[in-house]
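**Student:** Below you will find the structure I want to go over with you.
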Amino acid sequence: PDGFVLPKGDVKKGEKYFKKYCSQCHSIYPDNRITRAGQSALGPTLFNIYGRASGMEDIANKGCDFDRVDGVVWLEGPLMNYMKNPRVLAMGRVQMNFRGIPDFQTRVDIVHYLRTLDWSNEELANPPERPSSFAPLRYYKKMTGQDQDCSPSSLGAPGRGQVLGG
1 PDGFVLPKGD VKKGEKYFKK YCSQCHSIYP DNRITRAGQS ALGPTLFNIY GRASGMEDIA
61 NKGCDFDRVD GVVWLEGPLM NYMKNPRVLA MGRVQMNFRG IPDFQTRVDI VHYLRTLDWS
121 NEELANPPER PSSFAPLRYY KKMTGQDQDC SPSSLGAPGR GQVLGG
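Each residue of the sequence shown is one higher than the last, beginning at 1 in the UniProt record's numbering.
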């Protein structure tokens, strides 16, 4: 609603709640980098989200049949409403499996955290260089045998036809 004033909130709690509810699909960095195992970056980066118009950032899941939420400026009211029930604000056209956050104060804390994700935050605005490799990708390649011989016999395990304990 117009004239909504965001109550006081806790940025640290907001960061914790963000990790719980949002970070699986959304990055906090300008380049939408993936920073931990299990994160998909399917959604747009939430860096500099506060005050941004919806639909301005790219998303990874471009082949989806859903429409994007356009025409919304992400200020306190729309952010609070979207986090409560994204399908209402988006008129049912939501690409994510997210039912919403019913607790008012949790949403307030997340909005306070989102407001810190901007260019004045040196840690986020100037992140270190991306590593040349990504550990989960290396692990996947190793486990699927794409980077070297990971057959059971090469790992010291008995292969097909071998008898255990002779």
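Virtual Cβ for every residue (Gly too), placed ideally from N, Cα, C.
In whole angstroms, what separates the C-alpha of residue 199 from that of residue 5?
**Tutor:** In this structure the chain extends from 1 to 166, so residue 199 is not present and cannot be described.
**Student:** Determine the direct distance from the alpha carbon of residue 119 to that of residue 80, and round the result to whole angstroms.
**Tutor:** Walking along the sequence shown from the start, residue 80 turns up at place 80. Walking along the sequence shown from the start, residue 119 turns up at place 119. Rounded to the nearest angstrom, the two C-alpha atoms are 22 Å apart.
**Student:** Between residue 25 and residue 42, how many whole angstroms is the CB-CB distance? I'm expecting something under 8 Å.
**Tutor:** As a position in the sequence shown, residue 25 is number 25, starting the count at 1. As a position in the sequence shown, residue 42 is number 42, starting the count at 1. Contact holds; Cβ gap of about 5 Å.
**Student:** Does the beta-carbon of residue 31 have 16 or more other beta-carbons within 10 angstroms, so that it is buried, or is it exposed?
**Tutor:** In the sequence shown, the residue the question calls residue 31 occupies position 31. Exposed, by the Cβ-count rule.
**Student:** Looking at the structure shown, is residue 72 part of a helix, part of a strand, or coil, going by DSSP?
**Tutor:** Position 72 of the sequence shown, counted from the start, is the residue given in the question as residue 72. Three-state result, residue 72: coil.
**Student:** Report back the beta-carbon spacing between residue 74 and residue 34 to the nearest angstrom; my notes put them in contact at under 8 Å.
**Tutor:** Here the question's residue 74 lines up with position 74 in the sequence shown. Here the question's residue 34 lines up with position 34 in the sequence shown. Not quite, the Cβ-Cβ distance comes to about 22 Å (not below 8 Å), so this is no contact.
**Student:** Between the C-alpha atoms of residue 122 and residue 96, what's the straight-line distance to the nearest angstrom?
**Tutor:** For the purposes of this step, residue 122 is taken as the residue at position 122 of the sequence shown. For the purposes of this step, residue 96 is taken as the residue at position 96 of the sequence shown. C-alpha separation (whole angstroms): 30 Å.
**Student:** Measure the CB-CB distance between residue 124 and residue 18 and report whether it falls below 8 Å.
**Tutor:** Residue 124 sits at position 124 when you count from the first residue of the sequence shown. Residue 18 sits at position 18 when you count from the first residue of the sequence shown. No, they are not a contact pair.
**Student:** Is residue 107 buried or exposed, if buried means 16 or more other CB atoms sit within 10 Å of its CB?
**Tutor:** Sequence index remark: in the sequence shown, residue 107 carries index 107 (1-based). Burial call: buried.
**Student:** In its own chain, which residues sit with a C-beta less than 7 Å from the C-beta of residue 78, not counting the 5 before and 5 after it?
**Tutor:** Along the sequence shown, one-based indexing puts residue 78 at 78. Cβ neighbours of residue 78 beyond the five flanking positions: 72, 89.
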